[in-house]
Amino acid sequence: MLACNNVKFNSDGTACFTFGPMNPIREFNGKRVMFNRVVGYETGERDAFVTFGDGSPASNATETIKKIYEENCVDINWQKGDILLVDNLAVQHARRPGKPPRIVLVSLSN
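Structure, rendered in structure tokens:
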């Protein structure tokens, strides 16, 4: 799993999380998969805070990753009673905005 190497708490109340180094490409069932969380931390005005290890902005890289995600996205036509099991090391997952009420039942296992 990807672990945070360092956390720095800033005087303005923000925090800086350092991850890596890591190779985001892994093998799964004979296929290459990309495993990273960089776009999960990059939203809106906080884009400037996603950087490479040398401190340079990663905005172009995150835009490229988001484009690849969207090109490979599979939308599921959910039906009442559907459940989904996800292997976090095999696939990226997310959700699009939905209609309330949203009920989430979660089970985590190792």
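Position 82 of the sequence shown, counting from 1, maps to 82 under UniProt numbering, and the rest follow consecutively.
Using N, Cα and C, we set each Cβ at its ideal position, and we do this for glycine too.
Enumerate in chain order the residues of its own chain whose CB-to-CB distance from His-93 is below 8 Å, with the five nearest sequence positions on each side excluded.
On the sequence shown, residue 93 is found 93 positions in, with the first residue counted as 1. So the list reads Val-86, once near-sequence residues are dropped.
Helix, strand or coil, according to DSSP, for Ile-103 in the structure here?
For the purposes of this step, residue 103 is taken as the residue at position 103 of the sequence shown. In the structure shown, Ile-103 sits in coil (DSSP, three-state: anything other than H, G, I, E or B).
Contact belief for residue 176 with Asn-5 at Cβ below 8 Å, rounded distance in angstroms:
Here the chain covers residues 1 to 110 and nothing more, so residue 176 does not appear.
Suppose you measure from the CA of Tyr-17 to the CA of Leu-84; what does that come to, to the nearest Å?
Numbered from its first residue, the sequence shown carries residue 17 at position 17. Numbered from its first residue, the sequence shown carries residue 84 at position 84. According to the sequence as given, residue 17 is Phe; it is not Tyr. For Phe-17 and Leu-84, the distance between alpha carbons rounds to 30 Å.
Considering only the alpha carbon of each residue, which of Arg-95, Gly-98 and Asn-88 lies closest to Phe-28?
Residue mapping note: residue 28 aligns to position 28 of the sequence shown, counting from 1. When only C-alpha atoms are compared, the closest one is Asn-88.
Closest to Ala-90 by CA distance: which of Ser-56, Asp-75, Glu-70 and Met-34 is it?
Position 90 of the sequence shown, counted from the start, is the residue given in the question as residue 90. Nearest of Ser-56, Asp-75, Glu-70 and Met-34 to Ala-90, Cα basis: Met-34.
Whole runs of the alpha helix (DSSP H) within the UniProt domain "TauD/TfdA-like" (53 to 103), excluding any shorter than 4 residues
Uninterrupted alpha helix (DSSP H) stretches at least 4 residues long and entirely within the UniProt domain "TauD/TfdA-like" (53 to 103) occur at 59 to 71, given in chain order.
If you follow the beta strand (DSSP E) that Asn-10 is part of, which residue opens it and which one closes it?
Counting from 1 along the sequence shown, the entry for residue 10 is found at position 10. Here Asn-10 belongs to no beta strand (DSSP E), and DSSP marks it neither H nor E.
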